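In the working numbering, the protein residues as written are 49 to 465.
Think of the CB as a built atom: it goes at the ideal place given N, C-alpha and C, for glycine as much as any other residue.
Since this is a predicted model, take the numbers as computed values, not measurements.
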């Protein structure tokens, strides 16, 4: 007796049907052979079939529904008894019966991952060896599609390389028909798909200079910014700085910078009010982000002094004019106050009101002529004593402006003293 199936390389799925194949012969009773089939394993022993009384010399086959066990050391025992009671047994090599469905143990990228590098491989680790041919590559789906998919196996791990993902894109991996490496194979159970989002460009923003700032040619300008990236460390981000004005773009730095967020720049010799800093940040995937600052001004040196000086000059002229006006007004008022009161009045007192004329008719009785009266003239009005002259000022006889006693010319009208 000799067996030809199963072999030591076989792995049969629990519950599936497989043929046990053996050959037998007997010189004395070739047509009266009885066969018993049994199996043994670490998961248990059992009867396969028997007695089989229609066995014949030569090759024999029995279709066996494999038990739903998990064992790697299953053996089938074939025992043949001839017509004279002679007995002979043979055992197959140890083979495997697998009744557990495979699962995905892990995968990269992880489910719902974000910022996945554009060229990162897709890997899936299974719980047991898988059928690598019957369901591949059609059973592996990546949506949206990516060019250049190439598959390889290392043990229980499937690896897929590919062309670069599209930035900031949601991808879904789906497995269809995946089964383990036994015969006919048990289908994958549990999760059979996962999603991830490919990396986007870096995040960047310029902090200074701010919009509306004004600088002079040659003045130091501190440029500061913030930047970050999901998959590339800040210290590895590449930076380029340029500036624009009037449709012209020029470099701030002669080449690239790396991992810094500040640069001290000397304002160039330009005269423009639309200057902007242009910041470009590039991550490890080659994705870039370009941002601009608000518009600011660069003027020739001293331009602000001229403007401010002009404003101050206007203010100074206005102040001097106001002072001169008040000085003249005060002088005139003083002269009015020093003038003598009208004739017949008392200094410091208002003049007496005129007497109303009498309304009575003149008497009709004739009067004797009166003696002539001598008219006494009224006393002259008192004269105001002039104040003592000032020791430090004098009055211009032309315009009345009070000037310093040392002045030789009136600053108001130009009169020469």
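Give me the residue from 347, 79, 154, 365 with the minimum Cα distance to residue 319. Distance check between residue 319 and each of 347, 79, 154, 365 places 347 closest, using alpha-carbon atoms only.
When DSSP labels each residue in this structure, what does residue 335 get in the three-state scheme? DSSP, read as helix, strand or coil, puts residue 335 in coil.
Ignore the nearest five residues each way along the sequence and tell me which others in residue 283's own chain have a CB closer than 8 Å to its CB. When the five nearest sequence neighbours on each side are left out, the beta carbons in the same chain lying within less than 8 Å of the beta carbon of residue 283 are those of 306, 307, in order along the chain.
How long is the line joining the alpha carbons of residue 155 and residue 269, rounded to whole angstroms? Between residue 155 and residue 269, the C-alpha separation is close to 50 Å.
Output needed for residue 360: all residues of its chain with C-beta closer than 7 Å, excluding positions within five of it in sequence on either side, in chain order. Cβ within range, chain order: n/a, list empty.
Proximal residues to residue 472 (C-beta, below 8 Å), its chain only, five neighbours per side dropped: Any property of residue 472 remains undetermined from this structure, which presents the chain solely from 49 to 465.
So residue 143 packs on residue 59, CB below 8 Å; how close in whole Å? Between residue 143 and residue 59 the beta-carbon gap is near 7 Å, inside 8 Å, which marks them as a contact.
Could you say which of 78, 73, 121, 99 lies nearest to residue 90 if we only look at CA atoms? Closest option to residue 90, Cα to Cα, is 121.
CB-CB under 8 Å to residue 17, same chain, minus the five flanking residues each way: which ones, in chain order? The structure shown has nothing for residue 17, since the chain only spans 49 to 465.
Measuring only the C-alpha atoms, how far is residue 476 from residue 244? Here the chain has residues from 49 to 465 only, and residue 476 is not among them.
Length of the line joining the Cα atoms of residue 166 and residue 188: One C-alpha to the other measures close to 19 Å.
Under 8 Å, with one C-beta from each stretch per pair, do the segment 178 to 194 and the segment 211 to 225 reach the 3-pair mark? By the criterion of at least three beta-carbon pairs nearer than 8 Å, the segment 178 to 194 is in contact with the segment 211 to 225.
Under 9 Å between C-beta atoms of residue 205 and residue 254: Taking 9 Å as the Cβ cut-off, residue 205 and residue 254 do not qualify as a contacting pair.
Who are the Cβ neighbours of residue 197 in its own chain at under 6 Å, not counting the five residues just before and after it? Once the five neighbours on either side are set aside, the close Cβ partners of residue 197 are 208, 210.
Report the CB separation of residue 132 from residue 82 in whole angstroms; it is logged as a contact under 8 Å. The beta-carbon distance between residue 132 and residue 82, rounded to whole angstroms, is 12 Å. This is too long to meet the 8 Å contact definition.
Label residue 126 either buried or exposed according to how many other C-beta atoms from any shown protein chain fall within 10 Å of its C-beta, with 16 as the threshold for buried. Residue 126 counts as buried, since no fewer than 16 other beta carbons sit within 10 angstroms of its beta carbon.
Every unbroken beta strand (DSSP E) within the segment 56 to 125, with a cutoff of 3 residues, ordered by chain: You should have 59 to 61, 65 to 72, 81 to 88, 94 to 103, 106 to 113.
Can you grab the Cα-Cα spacing for the pair residue 454 / residue 265, in whole Å? For residue 454 and residue 265, the gap between their C-alpha atoms comes out near 49 Å.
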